[in-house]
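Colleague: In order, the protein sequences belong to chains A and B. Using the numbering used here, you'd call the opening residue of the first sequence number 56 and step up by one each time. Using the numbering used here, you'd call the opening residue of the second sequence number 56 and step up by one each time.
Number of protein chains: 2
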Amino acid sequence: MSRCPKITLLAGGVGGAKAAEGLASSHYRWNLQIIGNVADDQEFHGLWVSPDIDTLTYSLADLIDRQHGWGLRGDSSNTLHCLERLGAETWMQLGDMDFATHIFRTEQRRLGRRPTEIATQIAKRLGVEIPLLLPTDDRVQTRIGTDRGWLSFQEYFVRERCAPQVLEVRFDGIEQARPTAEALAAIRDAELILIAPSNPIVSIGPILATPGIRDAISRSDAYCIAISPLIGGKTVKGPADRMMSSLGYQSDLLGIAELYHGLIDALVIDRQDQPHQAALESLGLAVSVTDTLMSQPQQKQALMEHCVEFALAQQDRSAA
Amino acid sequence: MSRCPKITLLAGGVGGAKAAEGLASSHYRWNLQIIGNVADDQEFHGLWVSPDIDTLTYSLADLIDRQHGWGLRGDSSNTLHCLERLGAETWMQLGDMDFATHIFRTEQRRLGRRPTEIATQIAKRLGVEIPLLLPTDDRVQTRIGTDRGWLSFQEYFVRERCAPQVLEVRFDGIEQARPTAEALAAIRDAELILIAPSNPIVSIGPILATPGIRDAISRSDAYCIAISPLIGGKTVKGPADRMMSSLGYQSDLLGIAELYHGLIDALVIDRQDQPHQAALESLGLAVSVTDTLMSQPQQKQALMEHCVEFALAQQDRSAA
């Protein structure tokens, strides 16, 4: 592996955006590509909203509302308020500037352009140079089976604030979905594959479940390293731990290791979770212990540099 | 005709909105229905924009930006600025609150609802109680043949600021368009039909050209009265006079009388045009001379009350 390896990051949700920012601000950004999650996309008011891709784009463009972790900084809500007055359901917060993204995306899709090209154009126009790739151009929709019935991801996550108990997760359309050539090439060409500290079920899950993607990673010679989304056995934000538990996984690092079994060479865990290091190593994983909280920009960059350097060192060791 | 006659107003553009406001603020509002113009509708950013209907709605809701004569008062342009950044053409000014109307309308159309129902819902939600009717639910598009080629109405009017010379006007889709039951009923039931001081070619023209509408007016027993859009032989705003001239009509009151030939019983003209009164009367038209400028709310109401009272007096005379 070269000293500035070709890196492909799998990134979903807020954790994915933070990891992307950490890499993008490091000197490892030059050979970086990012594969995002499209399964939590949903149509609102007839417009195609792609929350994970937008969060990645807005984060890398430094336009993100850092207080919320989503949406555009300084955005207003005039459109949404008027939609409410007209009788529309408006639980999904969409700002006026943010609406431009959804309007533009929807029109371009109706004109027949590939979602991948549209995402690229939006990112470039907002100043993002790092390639943001989609796992598929086809429609895949996360459906959450809960004690209150089946919900879309946004209904579960935003409208119901993750309150319902998750009994089942499926990705509608996943069997028919074709991986994009760009995503497959990014995996094939990678020297290092990083899995961001995102929700393994609903953020990374749909990327890996896209036919061809998981296989491509398994077959790749790249060193593959995941960052645990758990700190002290709990997620920093979001429902990953409860979701893993209610779906029958161990809601701890062993559960993470199980979900990424056959894919990853190493797992980066937080200092608070050091007690689990030996158990993870006994599964054949290399384990690195560090501070994994990414509140501040320096923390994001430091964590991501740590991951790359750990991977390089592991490679050196195995080459020696 | 009763003292509070059933009135149907044909209204397009800013002149139409002003006439509508004048009637709506008078005591003649109780039996009022308004038929608007949909032929200058156009899709922008994949959204269906209906400028004449929106101007009517926003005016009657007292939400209109009175400085511009279109759009919503106090609106912002955050969405449009972001669309521009993403690479979209943004010569059509659409505010953030205004976008809500277009987003809502577009989604409702895609859901299969009738444009008439959608226009009614938008108007009601914004507080407009007077029925705003569409001449047709079908797609009719004004095309302007100019010395710079064929343009949509908005391209001609907004983007090119009416600068090109108009050589031809056609309404694409008009032959196949079916009149709405609501518009036909409003004409059939009317005791008084008023034609607003709108552009007779492109604002009133497409309403009258909708199959069935002109016939229904001709066959109606209602007294039909038009307000001239000319003052001192010129339009107050807009290109009606130049357009009439370049299309081969007399660009004066006789041209107006010709365009409404067979429809109207009376023409209301401005004091500045009194010299033409005799010529108009020799065509068999009743003529009323008054102040037709509608800058102030009182002027709108006074003019429209004058029109109704003139019509009532003419009816009384013919009944006597």
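Glycine included, C-beta positions come from ideal geometry on N, C-alpha and C. Computed from a predicted model, the values in this text were never measured in an experiment.
Given a cut-off of 8 Å, decide if threonine 112/A and isoleucine 178/A are closer than it, judged by their beta-carbon atoms.
Modeller: Along the first sequence, read from residue 1 onward, the residue named residue 178/A stands at position 123. Along the first sequence, read from residue 1 onward, the residue named residue 112/A stands at position 57. It should be noted that the sequence gives alanine, not isoleucine, for residue 178/A. Their beta carbons are under 8 Å apart, which means alanine 178/A touches threonine 112/A by this criterion.
Colleague: Among the candidates Thr175/B, Ile199/B, Thr145/B, Met349/B, whose CA atom is the shortest distance from the CA of isoleucine 89/B?
Modeller: As a first step, residue 89/B is located in the second sequence; it is residue number 34 there, counting from the start. For isoleucine 89/B, the nearest C-alpha among the options comes from Thr175/B.
Colleague: Using a beta-carbon distance below 8 Å, is isoleucine 119/B in contact with chain A?
Modeller: Here residue 119/B corresponds to residue number 64 of the second sequence, with the count starting at 1. False, the Cβ-Cβ gap to chain A never drops below 8 Å.
Colleague: How do the region 187–196 of chain B and the region 188–206 of chain A stand: do at least 3 beta-carbon pairs fall below 8 Å, yes or no?
Modeller: no
Colleague: Taking C-beta pairs closer than 7 Å, name the residues in chain A that phenylalanine 154/B reaches, listed in chain order.
Modeller: In the second sequence, residue 154/B corresponds to position 99, counting from 1. Phenylalanine 154/B reaches chain A at Thr134, Phe154, counting residues in chain order whose Cβ is nearer than 7 Å.
Colleague: Determine, using beta carbons only, whether arginine 165/A comes closer than 8 Å to chain B.
Modeller: For the purposes of this step, residue 165/A is taken as residue 110 along the first sequence, with counting starting at 1. Judged by the 8 Å Cβ criterion, arginine 165/A is in contact with chain B.
Colleague: Which first and last residues belong to the beta strand (DSSP E) in which arginine 198/B is found?
Modeller: Locating residue 198/B in the second sequence gives position 143, where the first residue counts as 1. Element bounds for arginine 198/B: 196–201.
Colleague: Note down, in chain order, every chain B residue with its Cβ under 8 Å from the Cβ of arginine 180/A.
Modeller: Here residue 180/A refers to the residue found at position 125 of the first sequence. Under the 8 Å cutoff, chain B gives Arg140, Leu141, Gly142.
Colleague: Do isoleucine 229/B and valine 195/B have their CB atoms nearer than 8 Å?
Modeller: The sequence position of residue 229/B within the second sequence is 174, counting from 1. The sequence position of residue 195/B within the second sequence is 140, counting from 1. Closer than 8 Å, so yes.
Colleague: Which term fits lysine 73/A, buried or exposed, when burial requires 16 or more other beta carbons within 10 angstroms of its beta carbon?
Modeller: For the purposes of this step, residue 73/A is taken as the residue at position 18 of the first sequence. By the 10 Å Cβ count, lysine 73/A comes out buried.
Colleague: Cα separation between glycine 77/A and serine 131/A?
Modeller: Looking up residue 77/A in the first sequence gives position 22. Looking up residue 131/A in the first sequence gives position 76. So the alpha carbons of these two residues sit roughly 28 Å apart.
Colleague: Using beta carbons (cut-off 8 Å, strictly below), is glycine 101/B in contact with chain E?
Modeller: In the structure shown, chain E cannot be found, because the protein chains are A and B.
Colleague: Is there a C-beta anywhere in chain A that falls below 8 Å from the one on threonine 161/B?
Modeller: Along the second sequence, one-based indexing puts residue 161/B at 106. Interface residue, yes.
Colleague: Of all the CB atoms in chain B, is at least one closer than 8 Å to the CB of isoleucine 185/A?
Modeller: Within the first sequence, the letter at position 130 stands for residue 185/A. For isoleucine 185/A, the answer is no, since every Cβ of chain B falls outside 8 Å of its Cβ.
Colleague: Secondary structure at aspartate 296/A, three-state DSSP: helix, strand or coil?
Modeller: Reading the first sequence from its first residue, position 241 is the one you call residue 296/A. Correct three-state label for aspartate 296/A: helix.
Colleague: Could you tell me the boundaries of the alpha helix (DSSP H) in which glutamate 246/A lies?
Modeller: Here the question's residue 246/A lines up with position 191 in the first sequence. Counting along the chain, glutamate 246/A falls outside any alpha helix (DSSP H), and DSSP gives it neither H nor E.
Colleague: So, for glutamine 163/A: in the same chain, excluding its five sequence neighbours on each side, which residues have a beta-carbon less than 6 Å away from its beta-carbon?
Modeller: Against the first sequence, residue 163/A aligns to sequence position 108. Result list for glutamine 163/A: Ile173, in chain order.
Colleague: Restricting to runs no shorter than 3 residues, where is the beta strand (DSSP E) found entirely within the region 255–307 of chain A?
Modeller: Runs found: 278–282.
Colleague: Please give the ranges of any beta strand (DSSP E) in the region 130–203 of chain B, keeping only runs that are unbroken, at least 3 residues long and fully inside the region.
Modeller: Here the runs fully enclosed are 196–201.
Colleague: What are the boundary residues of the beta strand (DSSP E) that isoleucine 89/B is part of?
Modeller: One-based indexing of the second sequence puts residue 89/B at position 34. Its beta strand (DSSP E) spans residues 87–90.
Colleague: Let me know the secondary structure DSSP gives glutamine 332/B once reduced to three states.
Modeller: Indexing the second sequence from 1 puts residue 332/B at position 277. Helix.
Colleague: Closer than 8 Å, CB to CB, is glutamine 369/A near chain B or not?
Modeller: Counting from one through the first sequence, the residue named residue 369/A turns up at place 314. No, because no Cβ of chain B sits closer than 8 Å to the Cβ of glutamine 369/A.
Colleague: Quick check: the Cα distance between serine 301/A and alanine 295/A, rounded to an integer number of angstroms?
Modeller: Residue mapping note: residue 301/A aligns to position 246 of the first sequence, counting from 1. Residue mapping note: residue 295/A aligns to position 240 of the first sequence, counting from 1. Taking the straight line from one Cα to the other gives about 10 Å.
Colleague: CA-CA distance, tryptophan 103/A and isoleucine 259/A?
Modeller: Here the question's residue 103/A lines up with position 48 in the first sequence. Here the question's residue 259/A lines up with position 204 in the first sequence. Cα-Cα distance, rounded: 21 Å.
Colleague: Would you mind reading off the limits of the beta strand (DSSP E) that contains phenylalanine 99/B?
Modeller: Along the second sequence, read from residue 1 onward, the residue named residue 99/B stands at position 44. Looking at the DSSP string, the run of the beta strand (DSSP E) that includes phenylalanine 99/B is 97–99.
Colleague: Could you tell me which chain A residues have their CB closer than 8 Å to the CB of isoleucine 108/B, listed as they occur along the chain?
Modeller: If you number the second sequence from 1, residue 108/B lands on position 53. Chain A residues near isoleucine 108/B: none, gap ~14 Å exceeds 8 Å.
Colleague: Give the secondary structure of aspartate 320/B by DSSP, where H, G and I count as helix, E and B as strand, and everything else as coil.
Modeller: Here residue 320/B corresponds to residue number 265 of the second sequence, with the count starting at 1. Residue state, collapsed to three classes: coil.
Colleague: DSSP puts tryptophan 380/B in a beta bridge; with which residues?
Modeller: Summary: the structure shown does not reach residue 380/B, with chain B confined to residues 56 through 375, and so no result is reported for it.
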